[in-house]
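In my numbering, each residue carries its 1-based index in the sequence shown increased by 901.
Working notes, structure below.
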Amino acid sequence: MKAAFSCGGTGGHIYPALAIAQKFPDNFFIGSNRLEKTLVPQAGHKFYEIAASPRQLFKILRGFYQSLRILAREKPDIVIATGGYVTVPVLLAARVLGQKIYLQEQNILPGRVNRCLSRLAARVFVAFAGAARYLPRHKTVVTGNPVRAEIAAVPYSAQSPGILVFGGSLAARSLNAAADGLRGTPYQAQLIHLNGQNYCHDMAGVYARSRLCVCRAGATTLSELAALGMPSILVPFPQAADNHQEVNARYFEQQGAAVVLLDKDLTAGTLAKAIAQIDRPEILAAMSRRARALGLPAAAEKIYDYITRTAGHQKYLRPARRYF
902 MKAAFSCGGT GGHIYPALAI AQKFPDNFFI GSNRLEKTLV PQAGHKFYEI
952 AASPRQLFKI LRGFYQSLRI LAREKPDIVI ATGGYVTVPV LLAARVLGQK
1002 IYLQEQNILP GRVNRCLSRL AARVFVAFAG AARYLPRHKT VVTGNPVRAE
1052 IAAVPYSAQS PGILVFGGSL AARSLNAAAD GLRGTPYQAQ LIHLNGQNYC
1102 HDMAGVYARS RLCVCRAGAT TLSELAALGM PSILVPFPQA ADNHQEVNAR
1152 YFEQQGAAVV LLDKDLTAGT LAKAIAQIDR PEILAAMSRR ARALGLPAAA
1202 EKIYDYITRT AGHQKYLRPA RRYF
């Protein structure tokens, strides 16, 4: 079965697609000139670049026609999108060509693109059951969020020496400033600070040296923390669409897997205080158990199994021209 993938913008959209793509040896990706242009070829997958924009109609239309040519030439059996505005022209082109569409949503509060395009999809695979209320229920399948195999395999220990601070694939100024402010404190020598100046290609190794993570609350990051059983201090990105990162973070906090520190309250002092409150082996161990309980393992395998098991029982969508 040949699969086309579309994703873009941040690691939160790209890494789930890469994890699923490992199950489909015959695949290719369509994306923009953002982070996916680097990460996808590095992972060994064929990559096509198209024009993309969240608002510029000319670029969206250009990306649509580029996608039409790519999909018509490659003739994939299915198209899987994991988020980002670049997926809009790709999925519209797939719809016109009558190719079967699947979406994968990482957040508890789905992104606007996936909420709008869910009506075009055969199925929407979600990481958390709470996402189903925002999507067509008859199309929603709870699978968990795909996590890279090398990260899922990392064992957690509350005795690990490091405290990891990072702001996601695009970094975060407020987290960088707070981490820099910990210089001169007892935590300085323990910090593993990914400040965004150089992209980290070995997150598994970094996680393996850490007992606590201070980070944003993107869904892919949270899925990795759950898979690892990693306690965390979550600082939701305040400008995230529909405030979905705080929704994600509060869910983990309610389950006892994390502590939430809002960006507006983040300073070196408040961060040091939050670390001190939970940086004890018995507390970290309890948070680790609760974090791991939130994870749904083998999400990529579940998605692959569902698609291949149902492929022979669901007809392809008819071309859009028959509807409009």
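Glycine residues also receive a C-beta, built at the ideal position from the N, C-alpha and C atoms.
The structure displayed is predicted, hence computed values, not measured ones.
Taking the CA atoms as reference points, ILE1176 sits about 11 Å from ALA1159. With respect to THR988, SER907 sits close: the two C-beta atoms are nearer than 7 Å.
DSSP places TYR1088 in the coil class of the three-state scheme, outside both helix and strand. Collapsing the DSSP output to three states places ALA1054 in coil.
The criterion of a C-beta distance shorter than 7 Å is not satisfied by LEU1197 and GLY1031.
ARG1020 and TYR1035 do not touch by the CB rule: their CB atoms are close to 13 Å apart, not below 8 Å. Sequence-distant partners of THR1171 (beyond 5 residues in either direction) whose C-beta falls short of 7 Å from its own C-beta, in its chain, are LEU1162.
ASN1008 and GLN1155 have their C-alpha atoms roughly 16 Å apart. For TYR1003, no alpha helix (DSSP H) encloses it; the enclosing beta strand (DSSP E) starts and ends at 1001-1006. Counting only runs that start and end inside the segment 1091-1158, the beta strand (DSSP E) elements of at least 3 residues fall at 1092-1095, 1111-1116, 1133-1135. DSSP places GLY932 in the strand class (E or B) of the three-state scheme.
Boundaries for THR911: no alpha helix (DSSP H) harbours it, and the DSSP string shows neither H nor E there. Just measuring C-alpha positions, the residue of ILE971, TYR966, VAL1027 sitting nearest TYR1207 is VAL1027. Pairing ASN928 with ALA920 gives a Cβ-Cβ distance that is not under 7 Å.
With fewer than 16 neighbouring CB atoms inside 10 Å of its own CB, ASN1144 falls in the exposed class. Looking from the CA of ILE971, the closest CA among PHE930, THR983, HIS946, ALA944 belongs to PHE930. The straight-line gap separating the alpha-carbon atoms of ALA918 and VAL1148 is approximately 23 Å. Rounded to whole angstroms, the gap between the alpha carbons of ILE1002 and GLY910 is 20 Å.
Taking a cut-off of 8 Å on C-beta distances, the segment 1124-1135 touches the segment 1048-1066, as three or more cross pairs fall below it. Judged by DSSP in its simplified three-state form, PHE1026 adopts strand. Distance from the CA atom of GLU950 to the CA atom of ARG1151, rounded to whole angstroms, is 36 Å.
Scanning its chain for C-beta atoms nearer than 6 Å, with the 5 sequence neighbours on each side dropped, one finds around VAL991 the residues SER907, ILE931, SER968, in chain order. With three or more CB-CB distances shorter than 8 Å, the segment 1062-1069 counts as touching the segment 1101-1117. In the three-state scheme derived from DSSP, where H, G and I count as helix and E and B as strand, PHE965 is classed as helix. Taken atom to atom, the span from the alpha-carbon of THR1211 to that of ALA1078 is near 49 Å. Listed in chain order, the non-local C-beta contacts of VAL980 below 6 Å within the same chain comprise ALA905, ALA995, GLN1000, ILE1002, local neighbours out to five positions each way being set aside. Considering only LEU993, LEU1095, THR1168, ALA1022, the residue with the shortest C-alpha distance to GLU1006 is ALA1022. Between the C-alpha atoms of PHE925 and PRO1011 there is a straight-line separation of about 25 Å.
Leaving aside the five residues that flank ALA982 on each side, the residues in its chain whose CB is nearer than 6 Å to its CB run, in chain order, SER907, THR988, LEU992, LEU1004.
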